[in-house]
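Asker:
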Amino acid sequence: MSTSDQAILQLFKDAGAFLEGHFLLTSGLHSPHYIEKFRVLEQPRITAELCKMIADTYRDEAPNVIVGPMTGGIILAHEVGKQLGVRAMFTERVDGQMAFRRGFALTPEDKVLLVEDIVTTGGSILEVRDVVKATGAEIVGLGLLVDRSGGIVDFGIPHKALLTLDVVTHQPDDCPLCQSGVPLQKPGRSNKK
Ligand SMILES: [Zn+2]
């Protein structure tokens, strides 16, 4: 892991966003690690620092619009857009389909930087990419906070993650944490009713 990756990982750990234990992931797999992105995103100063790194990476590409998917992507698009002095928009799901609402519109003259917080399989951000492409706008790149696929997702566009992690996962029927009786947590819901 590079020095910059280590620094970002430490920042996530310090914010309490990098959890260690025994977690049920959305994919159905079990993992000893979970990233709760909102422990970082709830701190505007840390979020601004991270967004500055994304903004600096793509400043020379001169995007004039930043686009991210609801929910984390709204915060990132807003902050990166603020730092680059350009518009920020977000996509959201309408009947399960990723789409622009609220009158957000792009033209073929627009140069778009996509942003996303955490990518595991890339599903959502690839849908955002296709929604933007359908407008004829140019996509200059994708800025990610964390790529936890270990860098294996093919985005089909230039991209850079501030932190690339190869997160350990286990099949539920072959999980050493289950076998040693560590209670399984379902993150993101444990502290809400
Ligand atoms: Zn398990």
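Note that our numbering has the sequence shown beginning at 2, numbered continuously upward.
Quick reminder that beta carbons are idealized off the backbone N, C-alpha and C, glycines included.
1) To the nearest whole angstrom, what separates the beta carbons of H23 and L178, a pair I think is in contact under 8 angstroms?
2) For the alpha helix (DSSP H) holding G82, just list the boundary residues, first then last.
3) Would you identify the three-state DSSP class for P173, choosing helix, strand or coil?
4) Return the CA-CA distance between E117 and A8, expressed in angstroms with no decimal places.
5) Would you mind listing the alpha helix (DSSP H) stretches within the stretch 20-108 that are 4+ residues and don't spill past its ends, in chain order?
6) Taking 8 angstroms as the threshold (C-beta atoms), are Q84 and K112 in contact?
7) Restricting to Cα atoms, I'd like to know which of T92, D96, N65 is closest to V81.
8) Starting from G124, trace the alpha helix (DSSP H) in both directions and tell me its first and last residue.
9) On the DSSP bridge list, what partners appear for A162?
10) For the stretch 117-131 against the stretch 86-105, do three or more pairs of beta-carbon atoms, one drawn from each stretch, fall closer than 8 angstroms, so that the two count as touching?
11) State whether the stretch 159-170 contacts the stretch 26-43, with contact taken as three or more CB pairs (one from each stretch) at a distance under 8 angstroms.
12) Would you say the beta carbon of M173 is closer than 7 angstroms to some non-hydrogen atom of ligand 1?
13) I need the straight-line Cα distance from F13 to A106, nearest angstrom please.
14) Using a Cβ-based criterion (distance less than 7 angstroms to any ligand heavy atom), does C52 qualify as near ligand 1?
15) With 16 other CB atoms within 10 Å as the buried threshold, where does F19 fall?
16) Can you look up S3 in the DSSP assignment and give me helix, strand or coil?
17) With DSSP as the reference, label K194 as helix, strand or coil.
18) Please state the DSSP three-state secondary structure of K187.
19) Would V147 be called buried (16 or more neighbouring beta carbons within 10 Å of its own) or exposed?
20) Closer than 7 angstroms to a non-hydrogen atom of ligand 1 - does that hold for the CB of L185?
Answerer: With the given structure in hand:
1) The Cβ separation is near 4 angstroms, so the contact holds.
2) 73-85 is the span of the alpha helix (DSSP H), which, as asked, contains G82.
3) P173 carries a helical assignment under DSSP once its states are collapsed to helix, strand and coil.
4) A straight-line Cα-Cα distance of about 19 angstroms links E117 and A8.
5) If one requires a minimum length of 4 residues, the alpha helix (DSSP H) runs lying completely within the stretch 20-108 are 39-42, 45-59, 73-85, in chain order.
6) No, the Cβ-Cβ distance between K112 and Q84 is not below 8 angstroms.
7) Of T92, D96, N65, the residue nearest in Cα terms is N65.
8) Annotation for G124: the continuous alpha helix (DSSP H) segment containing it runs 124-134.
9) L145, per the DSSP bridge assignment.
10) Counting C-beta pairs closer than 8 angstroms gives three or more between the stretch 117-131 and the stretch 86-105, which meets the contact rule.
11) Output reads yes: the stretch 26-43 touches the stretch 159-170.
12) Checking the displayed sequence, the identity of residue 173 turns out to be Pro instead of Met. At least one heavy atom of ligand 1 is nearer than 7 angstroms to the Cβ of P173, so yes.
13) Looking at the two C-alpha atoms, the distance is approximately 34 angstroms.
14) Shortest gap from the CB of C52 to any heavy atom of ligand 1: 7 angstroms or more.
15) Classification of F19: buried, given that the 10 Å Cβ count is 16 or more.
16) Of the three classes helix, strand and coil, the one that applies to S3 here is coil, per DSSP.
17) Per-residue confidence for K194 stands at a pLDDT of 38, beneath the threshold of 50, marking its modelled position as unreliable; no derived number is given.
18) Three-state DSSP puts K187 in coil, outside helix and strand.
19) Under this definition V147 is a buried residue.
20) Yes, since a heavy atom of ligand 1 falls inside the 7 angstroms radius drawn around the Cβ of L185.
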